[in-house]
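Order-wise, the sequence lines are chains S and X.
Counting with our numbering, you get residues 1 to 352 for the letters of the first sequence.
Counting with our numbering, you get residues 1 to 352 for the letters of the second sequence.
Glycine is no exception: its CB is placed at the ideal position from the N, C-alpha and C atoms.
There are 2 protein chains.
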Amino acid sequence: MTAPLRVAVLGAGTVGREVVRAFLERGEDLRSADGATLVLAGVAVRDVAKAVATGIPEALLTDAPAHLVADPDVDVVVELLGGEEPARTLIAASLGAGKAVVTANKHVIAHHGPELEGLARRTGATFRFEASVGGGIPVLGPLATELAANRIQRVRGILNGTTNFVLTAMAQEGRDYADILAAAQAAGYAEADPTADVEGHDAANKLVILARLAFGVWMDPATVALVDAGGPGHGLPGITGVSAGDVTLARADGEVIKLVATAERGLDGAIVASVLPLRLPAAAALACTDGVLNRIEIEAEPIGVVAFSGPGAGGAATSSAVLGDLVAIARGLGSTWAGLAPAGVPPAGAGS
Amino acid sequence: MTAPLRVAVLGAGTVGREVVRAFLERGEDLRSADGATLVLAGVAVRDVAKAVATGIPEALLTDAPAHLVADPDVDVVVELLGGEEPARTLIAASLGAGKAVVTANKHVIAHHGPELEGLARRTGATFRFEASVGGGIPVLGPLATELAANRIQRVRGILNGTTNFVLTAMAQEGRDYADILAAAQAAGYAEADPTADVEGHDAANKLVILARLAFGVWMDPATVALVDAGGPGHGLPGITGVSAGDVTLARADGEVIKLVATAERGLDGAIVASVLPLRLPAAAALACTDGVLNRIEIEAEPIGVVAFSGPGAGGAATSSAVLGDLVAIARGLGSTWAGLAPAGVPPAGAGS
């Protein structure tokens with residue numbers, strides 16, 4: 001048997017807490033029959049005393065994530081801090097040191113994918129990020145493995161739980177966007193600063209990651225269209241322009257408004273991507289995807305259309321993908337893009 | 001680069017034809033960036049002249065599948081003959097000789113899984129069968145890989161396209177079972193002898209394969225319950241007891257009748273499995289799965305419920321899974337159960 005892999009978890013928020021809990025409660029069980037054992041080596045948090053109060057042993061805790069990353073005894077770094085910094089620097093430092101990295105950080109992957117992929121390939125470090133799209137729903141792995149022989153034509157889906165919760169509540173309660181958003185924030189379904197969700201940036205980041213697996217290119221997130229003057233968003237980004245009146249009008253036509261992320265191969269081969277509120281027939285499967293559920297549809301040859309659906313967010317569900325990536329690393333399965341050709345920064349003008 | 005893998009395809013029916021076509025039309029493209037090249041070495045068919053007429057080069061064809069299997073130049077055998085014999089013997093001979101096998105044959109895997117798994121593990125041969133459940137829908141791979149850290153509680157789904165086509169048509173057209181079945185046979189959606197489909201045996205075989213991945217045991221297909229005296233099947237197996245009147249009565253209650261395959265962990269840890277016509281609320285996602293679509297729902301901790309849906313049959317869709325397995329073999333990813341503990345014949349009384 002190979003030596004145990006020592007795992008450092010950075011962040012003990014919604015997802016990190018569940019990952020740490022799995023290690024503490026399940027221990028040896030977190031492994032495959034043909035892979036290395038995984039051992040929790042440390043957990044970096046902002047407030048050690050608060051983390052101790054949640055039941056994490058003090059001996060595992062530190063408030064210095066960079067020290068954990070630099071620790072020669074740490075083999076695998078699980079980055080669950082979210083946001084740009086210090087996450088990006090810590091991921092890059094880990095990959096640069098040849099350590100495997102698992103992350104759910106769609107912002108960092110979407111914005112720094114080419115550099116991080118290049119770095120991981122140079123050092124031979126494994127980089128896995130199944131949790132960055134669709135929470136726990138398996139989709140990046142199936143795209144790279146079971147669907148490997150397909151030519152993907154289009155990837156389309158509901159990729160953001162917060163906006164889908166808001167749109168679902170608007171449709172069910174007839175109330176206005178601002179009302180529902182305030183209620184969602186009070187209930188913890190939306191963040192205090194909801195900009196990344198409601199303007200579509202979060203879904204755009206996830207779409208960029210899906211496009212890397214589906215089309216083999218790293219798109220610039222800035223090229224994902226977030227505004228369509230002619231649609232139910234009235235020229236405002238994401239769902240910020242959708243009113244109760246729009247929802248009512250759509251319903252009168254047997255339609256539902258959803259924030260739909262789409263990336264597809266254009267006629268010239270370039271990938272065209274958007275995250276826009278669209279009117280869909282009420283009976284369509286995407287239209288029936290309610291609340292915090294996510295659904296990703298893949299249209300490809302020879303398979304036709306396959307769909308993956310489930311909880312697109314939440315600590316427990318997302319921990320499934322993080323832990324699955326850890327087991328995959330213990331089995332030596334390589335990076336999320338393993339099997340696909342390297343993708344770097346696309347040439348100017350491509351991918352838009 | 002590793003040496004090319006030479007692939008023999010047994011059978012050029014609905015699925016085999018599409019697999020052969022992919023080789024002939026795409027050739028070198030059928031590989032991964034990190035895997036061996038795949039080369040078509042031969043195709044075994046019943047009628048060589050007929051196969052030549054469909055465009056397969058005569059030099060590739062033989063009517064002696066056993067010779068292809070025994071050919072020392074063949075590294076991978078793709079079994080797409082279906083049914084019990086000679087498929088079982090050819091698969092066993094291939095695995096026994098240490099050759100990798102890809103198959104869509106749910107009957108052989110469900111009925112001889114323990115022996116074939118034991119044989120493959122002894123010789124170190126790779127055995128992959130993603131196409132045996134849900135056509136092209138990725139589900140066995142995600143169960144074994146992305147969902148590896150979950151404890152599966154229940155697997156449930158619509159696993160048979162023929163019966164779902166019949167039930168959907170009964171609900172939409174108000175006609176009786178025998179009428180619709182005859183029309184489906186005429187249209188090629190149902191086989192001349194539809195017993196395996198309409199009595200639930202085909203779905204039971206697929207459920208046994210799902211249970212191997214989900215619960216780590218090989219169930220005896222004979223222990224899958226196909227009859228429920230109190231349900232809308234009126235004590236007859238599969239959909240054979242469902243009448244137009246049952247469909248109408250269900251609709252009056254806002255319900256739909258579907259043939260649902262379920263395998264779940266009982267209170268004592270044993271796996272309980274059934275394939276039964278059930279009444280479902282019309283708005284449920286399974287109830288909305290119409291025609292030849294399949295849908296598989298997985299309930300597990302920590303993920304919650306995730307679902308996979310798409311075309312559960314058809315040559316092109318199913319070839320996606322066969323070709324995906326071939327690319328996985330070229331990448332050295334191991335058997336469909338790779339990472340899971342070995343499963344043999346369960347002790348008497350278990351698994352039922």
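{"Asked": "Quick one: does the C-beta of X:A328 sit closer than 7 angstroms to a heavy atom of the ligand SAM?", "Found": "Only the bare structure without any ligand can be found here, which leaves the ligand SAM out of the picture."}
{"Asked": "How is X:E199 classed by DSSP in three states: helix, strand or coil?", "Found": "coil"}
{"Asked": "Inspect the beta-carbon positions of S:E84 and S:H107 and report whether they are closer than 8 angstroms.", "Found": "yes"}
{"Asked": "From X:P221 to X:A51, what does the alpha carbon distance come to, in whole angstroms?", "Found": "35 angstroms"}
{"Asked": "Can the beta-carbon of X:L140 be found less than 8 angstroms from the beta-carbon of X:T336?", "Found": "yes"}
{"Asked": "At the 8 angstroms Cβ level, is S:S352 part of the contact set with chain X, yes or no?", "Found": "Note on S:S352: pLDDT 38, under 50, position unreliable in the model; no value is reported."}
{"Asked": "Using DSSP with H/G/I as helix, E/B as strand and the rest coil, what is X:E255?", "Found": "strand"}
{"Asked": "For S:T54, count neighbouring C-beta atoms within 10 Å of its own C-beta (all shown protein chains included) and say buried if the count is 16 or more, exposed if not.", "Found": "exposed"}
{"Asked": "Assign S:P311 to buried or exposed, taking buried as 16 or more other Cβ atoms, counted over all protein chains shown, within 10 Å of its Cβ.", "Found": "buried"}
{"Asked": "Is the CB of S:D274 under 8 angstroms away from at least one CB in chain X?", "Found": "In the sequence under discussion, the amino acid at residue 274 of chain S is Ser, which differs from the Asp named in the question. Not an interface residue."}
{"Asked": "Looking at X:V292 and X:F165, is the spacing between their C-beta atoms short of 8 angstroms?", "Found": "yes"}
{"Asked": "Keeping to the same chain, check which residues put their C-beta closer than 8 angstroms to that of S:G241; ignore five residues upstream and five downstream.", "Found": "P232, G233, H234, G235, P277"}
{"Asked": "Does DSSP classify X:P221 as helix, strand or coil?", "Found": "helix"}
{"Asked": "Given a threshold of 16 other Cβ atoms within 10 Å of its Cβ, counted over all protein chains shown, does X:P138 qualify as buried or as exposed?", "Found": "buried"}
{"Asked": "Is the separation between the beta-carbon of X:L116 and that of X:L143 shorter than 8 angstroms?", "Found": "no"}
{"Asked": "When Cβ atoms are compared, which residues of the segment 138-154 of chain X fall closer than 7 angstroms to chain S?", "Found": "P138, G141, P142, T145, E146, L147, A148, A149, N150"}
{"Asked": "Using a 10 Å radius around the Cβ and a threshold of 16 neighbouring Cβ atoms, would you call S:L267 buried or exposed?", "Found": "exposed"}
{"Asked": "If you measure from the beta carbon of X:G324 to each beta carbon in chain S, is any gap under 8 angstroms?", "Found": "yes"}
{"Asked": "Is there at least one Cβ from chain X nearer than 8 angstroms to S:F308's Cβ?", "Found": "yes"}
{"Asked": "On the criterion of 16 or more Cβ atoms from any shown chain inside 10 Å, does X:D47 qualify as buried, or is it exposed?", "Found": "exposed"}
{"Asked": "Does X:A282 come out as helix, strand or coil in the three-state DSSP assignment?", "Found": "coil"}
{"Asked": "Give me the Cβ distance between X:Y189 and X:S243, rounded to the nearest whole Å; I'm assuming they're in contact under 8 angstroms.", "Found": "Going by Cβ atoms, the distance from X:Y189 to X:S243 rounds to 20 angstroms, so no, they are not a contact pair."}
{"Asked": "Where does the unbroken beta strand (DSSP E) through S:E84 begin, and where does it stop?", "Found": "Looking at the DSSP string, S:E84 is not in any beta strand (DSSP E), and its letter there is neither H nor E."}
{"Asked": "Tell me X:L276's beta-bridge partners as DSSP assigns them.", "Found": "X:V260"}
{"Asked": "Taking the alpha-carbon positions, what's the X:W218 to X:G113 distance?", "Found": "7 angstroms"}
{"Asked": "Using the Cβ count rule (16 or more neighbours within 10 Å means buried), how would you classify S:R122?", "Found": "exposed"}
{"Asked": "Who are the Cβ neighbours of S:G349 in its own chain at under 7 angstroms, not counting the five residues just before and after it?", "Found": "Low local confidence applies: a pLDDT of 48 at S:G349 is under 50, so the model's placement there is unreliable, and no value is given."}
{"Asked": "Between the Cα of S:A8 and the Cα atoms of S:V43, S:T2, S:S32, which residue gives the shortest distance?", "Found": "S:V43"}
{"Asked": "Could you tell me how far apart the beta carbons of S:V155 and S:A263 are, in whole angstroms, since I believe they sit closer than 8 angstroms?", "Found": "5 angstroms"}
{"Asked": "Is the beta carbon of X:L326 closer than 8 angstroms to that of X:V76?", "Found": "yes"}
{"Asked": "How many Å lie between S:S352 and S:V224 at the Cα?", "Found": "A caution first: S:S352 carries a pLDDT of 38, below 50, which makes its placement in the model too unreliable to give a value."}
{"Asked": "Mind checking which residues open and close the beta strand (DSSP E) that includes X:N294?", "Found": "293-301"}
{"Asked": "Measure how close the beta-carbons of S:V133 and S:L159 come, nearest whole angstrom, since I'm counting them as under 8 angstroms.", "Found": "7 angstroms"}
{"Asked": "Would you say S:R265 faces chain X, with C-beta separation under 8 angstroms as the test?", "Found": "no"}
{"Asked": "S:V166 bridges to which residues according to DSSP?", "Found": "Beta-bridge pairing links S:V166 to no other residue."}
{"Asked": "Residues in its own chain within less than 7 angstroms of X:I56 by CB, not counting five upstream and five downstream?", "Found": "A12, V20, V43"}
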